[in-house]
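Here is the structure we will look at, set down as structure tokens.
2 protein chains.
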Amino acid sequence: MSNALAQTIKAWVYEAGELVLKRKESQLQISIKSSRSDLVSNVDYEIQRFLIAKIESKFSKDKILAEEDKRNSLADMSGRVWLIDPIDGTINFVFQRENFAIMIGVYEDGVGKLGFIYDVTRQKLYWGGPGIGVFCNEKKLRPPKNLGAKDGLWAVNAGMYAQNIENIQIIGENSMGVRMIGSAGLEFISMLKGNTIGYISNLYPWDYAPGMVLVQEFGFKGSGLDGLALKFKDRQKFIVATACAYNEVMGS
Amino acid sequence: MSNALAQTIKAWVYEAGELVLKRKESQLQISIKSSRSDLVSNVDYEIQRFLIAKIESKFSKDKILAEEDKRNSLADMSGRVWLIDPIDGTINFVFQRENFAIMIGVYEDGVGKLGFIYDVTRQKLYWGGPGIGVFCNEKKLRPPKNLGAKDGLWAVNAGMYAQNIENIQIIGENSMGVRMIGSAGLEFISMLKGNTIGYISNLYPWDYAPGMVLVQEFGFKGSGLDGLALKFKDRQKFIVATACAYNEVMGS
């Protein structure tokens, strides 16, 4: 995919970030979705609409899969698909006003081409894709070490950890420890920086699609926790890790 | 306690932080303590010795309780006691080179007088005490809201969460969620900012003493998880939270 398109999207994401920074000091309008800890704010909607308007103005034939506004399902991943999480980590956004991200992934026929994760309050945009590499703002990043499952920290989902799904507690205990930030985007950034070696959670396509493009560029492997390819549909138990840690955990 | 002493200690902590920033890009010498995920580095030792030298040069009669170098036990908390964690979150320091803190607490006859938590890589020093208030660098902070146990995020210890010690999983499930940074100091900072409402873990005195001075100034309550006063001795299951959340969880 062209670097020109990446530059266009970067500009949109930075602009969306400015909008969030303006809104985040104001009173939010918050609604409950599936449960009292599944929230959406007026800013989630506003950012999603802002980004979709940008995309549709230039690429009207492309498909969009996004968290809010009933844009959250697609028949398939054929053609060019934009995956959008306007505010990833809404609970953090609402309660902390930090530790959230704006995310976009661009896929072609199911193959990741571009990924963008913007840590808005720290003003760090992680972006890139195949043939481009991975950048933080304008700085090209080097891949982290390909560490084994025991030799680093894992990010995990609290509910899955509590229930010891797929022996995730054992993975944690055998490693250097577990961490929980509460934003899939920031967990992917942790992997890009080498802060964590893997991430196990229960995610929607817009949660993992942007980050997967970036960590795959650094040699990480990801799949459903059943070992099957990611579905880009519905919510799914998910693992991504350095190739070495992935193979150790998934036995391949 | 005098603000003059606070200013002296602040200068020491900033100086220690400069030293850490210099060292953190170099090859660390790392030793294993009680288990493979209980580490100490040459920087932990160097910072502790630096701080102790400063204290002993000015306050030779004071007592010191510190994590490393067999300075880790005291008969009692009588007189003026300095509690030091030179690098709180050593695993993060070693694996992430961020998300760790330098911490000092000053107590008199068991009563907290001054606390310092320095988030070194972000160059944010949280400090203060009774009669002074709580500051981030030179900016005075306002206390966060006194939220109930369900109305915010909790920081928890991974091992205790996995084992559901004292029904900690239920506290998590009934709340807005749980978070794990991997540094007691940064968990206290999260509470000072209102990012989390409480913290349940298994801590040593140098892990909780500096932060307790600060959050108590903001009306938080803390104790052993058995409801008894903190022991300032050995490792202890620990809870601290907004007064409202503490009372709801501890039933007082």
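Protein chains in written order, with my numbering: chain A, 2 to 253; chain B, 2 to 253.
Here a beta-carbon is modelled for each residue, glycine too, at the ideal position from N, C-alpha and C.
For clarity, every value in this text was computed on a predicted model and none was experimentally measured.
Under 9 Å from the C-beta of residue i: neighbouring residues of chain A
i, result
"B/M161", "What B/M161 touches in chain A: nothing, since even the nearest Cβ is about 11 Å away."
Beta-carbon proximity check, residue i vs residue j, cutoff 9 Å
i, j, result
"B/D45", "B/E69", "yes"
"B/I56", "B/W83", "yes"
"B/F96", "B/I105", "no"
"A/V14", "A/L187", "no"
"B/P87", "B/L115", "no"
"A/E47", "A/R98", "no"
"A/A163", "B/N203", "no"
"B/K64", "B/R81", "yes"
"A/I198", "A/E167", "no"
"A/L20", "A/W207", "no"
"B/K59", "B/T9", "yes"
"A/G111", "A/G130", "no"
"A/Y119", "A/A17", "yes"
Beta-carbon proximity list for residue i, same chain, < 8 Å, skipping 5 on both sides
i, result
"B/V216", "F189, M192, L193, G223, V241"
"A/G173", "W155, V157, Y162, V179"
"A/K34", "L40, V41"
"B/R236", "N203, L204, Y205"
Bridge partner(s) assigned by DSSP for residue i
i, result
"A/V107", "A/W83, A/L115"
"A/C137", "A/Y127, A/K140"
"A/V41", "A/S32"
"B/I182", "DSSP output for B/I182 lists no bridge partner at all."
"A/I65", "A/W83"
"B/W155", "B/V179, B/G199"
"B/G220", "The partner list for B/G220 (beta bridge, DSSP) is empty, contrary to what the question assumes."
"A/L204", "A/Q237"
"B/G132", "Answer is none; B/G132 lacks a bridge partner."
"B/A12", "B/A12 is not bridged to any residue."
"A/A102", "A/D89, A/D120"
"A/G225", "A/F239"
Spatial neighbours of residue i in its chain, beta-carbon cut-off 7 Å, leaving aside the 5 residues before and after
i, result
"B/A22", "Per the sequence shown, the amino acid found at residue 22 of chain B is Leu instead of Ala. Only V121 meet the Cβ criterion."
"A/S176", "A150, K151, G153, L154, W155"
"A/F219", "V135, P144, P145, L193"
"A/I133", "N4, A7"
"A/W128", "A7, K11, G116, F117, F136"
"B/C245", "N147, L148, G149"
"A/E249", "G149, A150"
"A/Q170", "Y162"
"A/I31", "L40, S42, V95"
"B/G195", "P145, K146"
"B/L29", "S42, N43, V44, V95"
Proximal residues of chain B, C-beta to C-beta of residue i below 9 Å
i, result
"A/S202", "Here the premise fails: no neighbours, minimum Cβ distance about 13 Å."
"A/N196", "N93, F96, Q97, R98, E99, N100"
8 Å Cβ cut-off: residues of chain B touching residue i
i, result
"A/S224", "None at all; the shortest Cβ gap to chain B is about 24 Å."
"A/G183", "L154, G178, R180"
Residues that residue i contacts on chain B, provided the C-beta gap is smaller than 7 Å
i, result
"A/G149", "Neighbours of A/G149 on chain B: none; closest Cβ ~13 Å, over 7 Å."
"A/Q170", "A163"
Within chain A, partners of residue i - CB distance below 7 Å
i, result
"B/S38", "M177, G178"
Interface residues of chain A facing residue i [CB-CB closer than 8 Å]
i, result
"B/G134", "Within chain A, no residue comes near B/G134; the closest Cβ sits about 22 Å away, beyond 8 Å."
"B/G173", "A159, A163"
Cut-off 6 Å between Cβ atoms - residues of its own chain near residue i, not counting five sequence neighbours on either side
i, result
"A/N93", "N100, F101, G183, S184"
"A/Y247", "K222"
"B/R24", "V44"
"A/K62", "none"
"B/F233", "M78, P206"
"A/L226", "E167, K238, I240"
Within-9 Å CB hit, residue i to chain C
i, result
"A/S32", "In the displayed structure, chain C is absent; the protein chains listed are A and B."
Near the ligand SAH: residue i beta-carbon under 8 Å from a heavy atom
i, result
"A/R24", "Absence of the ligand SAH is noted for the structure shown, with no ligands found whatsoever."
Task: Inter-stretch contact at 8 Å, needing at least 3 Cβ pairs: the region 203 to 212 of chain B / the region 131 to 149 of chain B - done: no
Open item on the list: Using 8 Å as the cut-off, can you tell me whether the region 172 to 187 of chain A makes contact with the region 139 to 159 of chain A, which would need three or more C-beta pairs spanning the two stretches below that distance?
Closed with: yes
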